[in-house]
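Enquirer: Offset between the sequence shown (1-based) and our numbering: plus 97. We treat Cβ as the ideally placed atom computed from N, Cα and C, and that holds for glycine. Bear in mind that the values here come from a model prediction, so they are computed numbers and not experimental data.
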Amino acid sequence: MVETRLSTFHGIVMYQREHKERDLLVKILTREFGKKMFFVKNGKSKKNRLTAELQPLMQATYEGTINYSGLSFIDDVKATRLARIFMNDIELNAYGTYILGLIDSAFVDNKNLVKWFDLAQLGLEKLEQGFEPQGIANYFELALLPSFGLEMTWNKCVICGRSDLPLDFSDQYSGVLCQNHFKADEQRWHIDPRAMLILSKLSQTPLNQLGSLKLKAETKQEMARLMNHIYDDQVGVHLKSKSFIQQLENWQGRLQTRQVPPLEK
98 MVETRLSTFH
108 GIVMYQREHK
118 ERDLLVKILT
128 REFGKKMFFV
138 KNGKSKKNRL
148 TAELQPLMQA
158 TYEGTINYSG
168 LSFIDDVKAT
178 RLARIFMNDI
188 ELNAYGTYIL
198 GLIDSAFVDN
208 KNLVKWFDLA
218 QLGLEKLEQG
228 FEPQGIANYF
238 ELALLPSFGL
248 EMTWNKCVIC
258 GRSDLPLDFS
268 DQYSGVLCQN
278 HFKADEQRWH
288 IDPRAMLILS
298 KLSQTPLNQL
308 GSLKLKAETK
318 QEMARLMNHI
328 YDDQVGVHLK
338 SKSFIQQLEN
348 WQGRLQTRQV
358 PPLEK
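1. Count the other C-beta atoms from every protein chain shown that fall within 10 angstroms of the C-beta of P359, then say buried if there are 16 or more, exposed otherwise.
2. In angstroms, rounded to a whole number, what distance separates the CA positions of P231 and H326?
3. Starting from S166, trace the alpha helix (DSSP H) in both directions and tell me its first and last residue.
4. Hey, G131 and N207: beta-carbon distance below 7 angstroms or not?
5. Counting Cβ pairs closer than 8 angstroms, one from the stretch 119–128 and one from the stretch 183–194, do we hit at least three?
6. Would you mind sorting K280 into buried or exposed? The rule is 16 or more other CB atoms within 10 Å of its CB.
7. For V123, which residues does DSSP report across the bridge?
8. What residue from T316, T101, F136 has the CA that sits closest to E229's CA?
9. Quick check on the burial criterion: 16 or more other C-beta atoms within 10 angstroms. Buried or exposed for E319?
10. Report all residues from its chain with a CB closer than 8 angstroms to the CB of K362; omit the five preceding and five following residues, and keep chain order.
11. Kindly identify the DSSP beta-bridge partner or partners of H107.
12. Assuming Q113 contacts P153 under a Cβ cut-off of 8 angstroms, what Cβ separation, rounded to an integer in Å, is found between them?
13. Pull up the distance between the alpha-carbon of G167 and that of F136, whole angstroms please.
14. Can you tell me the Cα-Cα spacing of D282 and K223, whole angstroms?
15. For N252 and S300, which I take to be in contact (beta-carbon distance under 8 angstroms), what is that distance rounded to the nearest angstrom?
16. Using only alpha-carbon positions, find the residue among L262, R285, V211 that is nearest to Q269.
17. Which residues bound the beta strand (DSSP E) around V273?
18. Following a CB-centred definition, is E115 positioned closer than 6 angstroms to any heavy atom of the ligand PLP?
19. Which residues in the same chain as C257 place their Cβ atom closer than 8 angstroms to its Cβ, once the five residues preceding and following it in sequence are excluded?
20. Looking at C-alpha atoms only, which residue of L103, F106, M111, T158 is the closest neighbour of S338?
21. Going along the chain, which residues of its own chain have a beta-carbon closer than 7 angstroms to the beta-carbon of A203, five neighbours each way excluded?
22. Under 7 angstroms, Cβ to Cβ, is there at least one residue of chain C near N164?
23. Looking at the secondary structure, which residues open and close the beta strand (DSSP E) in which S267 lies?
24. Is the beta carbon of G108 sitting closer than 7 angstroms to the one on Y159?
25. What residues match up with K341 in a beta bridge as DSSP calls it?
26. Taking Cβ to Cβ, would you say M324 is nearer than 7 angstroms to E188?
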């Protein structure tokens, strides 16, 4: 017998997809019940009063029927909130979608995720406030690694424990090596020390204590180079939102190159 419960709950819309001709399936990260998939009959119709309140990244208080297995149902939506900047800025929208996608990939449905709901809500708030989006995404990438089964040391040398020297990442040691032990792994990643320092700090700093980050393009590229490797080759998660972010970065790079004035002869 399927256990059913009528509930009021808080949620963040992770994504939606079409179901048959007129309906929608909407995945919501709820604070009370974890990740749940909701069936919205005639959800593709503009006449459906719920449709506008179930857009990705929407935060709201919902009323509905929670089934502990199978699909759940939404009866009403209250106190909705979707920051306008997510509707107007495709890059920030992509980063918000990516963060929720990582959480979706890391955990099974119906698992209690109060901690991650609160972090996702705070992460979206920081994106809205103008925090460096890649820095926020890197924070979640680092924080979620243990949930994907990867325990890595980021804050000190795995051999001697020193943290006051330049660090570099080693696949072989599943963590960072200090300058004194670089020779222990000739295949280390040769990541820029500034990028490693920031990743190390991100791994240790609670999100609510994270200040604004001002990162140079080169530093962000180095941070992305390492985190992309870990998620592509070790975690094995390949999200469309991440690919879109990378495409945006490539387009922006090309535009900047074209805008550079020619050198005077």
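Expert: Reading off the structure:
1. To locate residue 359, count along the sequence shown from 1; it is residue 262. Here P359 scores only 49 on pLDDT, less than 50, and its place in the model should not be relied on; the value that follows carries that caveat. Result: exposed.
2. Position 134 of the sequence shown, counting from 1, holds the residue named residue 231. Position 229 of the sequence shown, counting from 1, holds the residue named residue 326. The question names Pro, but residue 231 is Gln in the sequence shown. Looking at the backbone, the Cα of Q231 and that of H326 are separated by about 15 angstroms.
3. The count along the sequence shown starts at 1 and reaches residue 166 at position 69. Counting along the chain, S166 sits inside no alpha helix (DSSP H), nor does DSSP assign it H or E at all.
4. Against the sequence shown, residue 131 aligns to sequence position 34. Against the sequence shown, residue 207 aligns to sequence position 110. Cβ atoms of G131 and N207: closer than 7 angstroms.
5. Too few Cβ pairs lie closer than 8 angstroms, so no.
6. Within the sequence shown, residue 280 is the residue found at index 183, counting from 1. K280 is classed as exposed because its beta carbon has fewer than 16 other beta carbons within 10 Å across all chains shown.
7. Translated into the one-based positions of the sequence shown, residue 123 becomes position 26. For V123, which the question treats as bridged, DSSP gives the partners Q113, F135.
8. Residue 229 sits at position 132 when you count from the first residue of the sequence shown. Checked all of T316, T101, F136; the closest Cα to E229 is T316.
9. On the sequence shown, residue 319 is found 222 positions in, with the first residue counted as 1. Buried, because 16 or more other Cβ atoms sit within 10 Å of the Cβ of E319.
10. Here residue 362 is taken as the residue at index 265 of the sequence shown, counted from 1. Summary for K362: the model assigns pLDDT 38, below 50, so the residue's position carries little reliability; its value from the coordinates is reported in the next sentence. Contacts found: none.
11. For the purposes of this step, residue 107 is taken as residue 10 along the sequence shown, with counting starting at 1. Paired residues: T158.
12. Against the sequence shown, residue 113 aligns to sequence position 16. Against the sequence shown, residue 153 aligns to sequence position 56. About 7 angstroms separates the two Cβ atoms, so the contact holds.
13. Position 70 of the sequence shown, counted from the first residue, corresponds to residue 167. Position 39 of the sequence shown, counted from the first residue, corresponds to residue 136. Near 10 angstroms, if we compare the C-alpha coordinates of F136 and G167.
14. The residue you call residue 282 lines up with position 185 of the sequence shown. The residue you call residue 223 lines up with position 126 of the sequence shown. So the two alpha carbons sit approximately 37 angstroms from each other.
15. Taking the first residue of the sequence shown as 1, we reach residue 252 at position 155. Taking the first residue of the sequence shown as 1, we reach residue 300 at position 203. For a cut-off of 8 angstroms, the C-beta gap from N252 to S300 is around 6 angstroms, short enough to register as a contact.
16. Along the sequence shown, one-based indexing puts residue 269 at 172. Taking only the C-alpha atoms, the option nearest Q269 is R285.
17. Here residue 273 corresponds to residue number 176 of the sequence shown, with the count starting at 1. Segment 272–275, the beta strand (DSSP E) holding V273.
18. What this structure holds is no ligand at all, so the ligand PLP is not there to describe.
19. Residue 257 sits at position 160 when you count from the first residue of the sequence shown. For C257, where only same-chain residues beyond five positions count, the Cβ hits under 8 angstroms are C275, N277, H278.
20. Taking the sequence shown and counting its residues from 1, the one referred to as residue 338 is at position 241. With distances taken between Cα atoms, S338 lies closest to M111.
21. Numbered from its first residue, the sequence shown carries residue 203 at position 106. Residues of the same chain with a CB within less than 7 angstroms of the CB of A203, apart from the 5 flanking positions on each side, are L241, S244, F245 in chain order.
22. The chain inventory of the structure shown lacks chain C, comprising one protein chain alone.
23. Along the sequence shown, one-based indexing puts residue 267 at 170. 264–267 is the span of the beta strand (DSSP E), which, as asked, contains S267.
24. Within the sequence shown, the letter at position 11 stands for residue 108. Within the sequence shown, the letter at position 62 stands for residue 159. G108 is a Cβ neighbour of Y159, given a cutoff of 7 angstroms.
25. Mapped onto the sequence shown, residue 341 falls at position 244. Residue identity check: residue 341 is Phe in the sequence provided, not Lys. F341 pairs with nothing; no bridge assigned.
26. Locating residue 324 in the sequence shown gives position 227, counting from the first residue. Locating residue 188 in the sequence shown gives position 91, counting from the first residue. By the CB criterion at 7 angstroms, M324 and E188 fall outside the cutoff.
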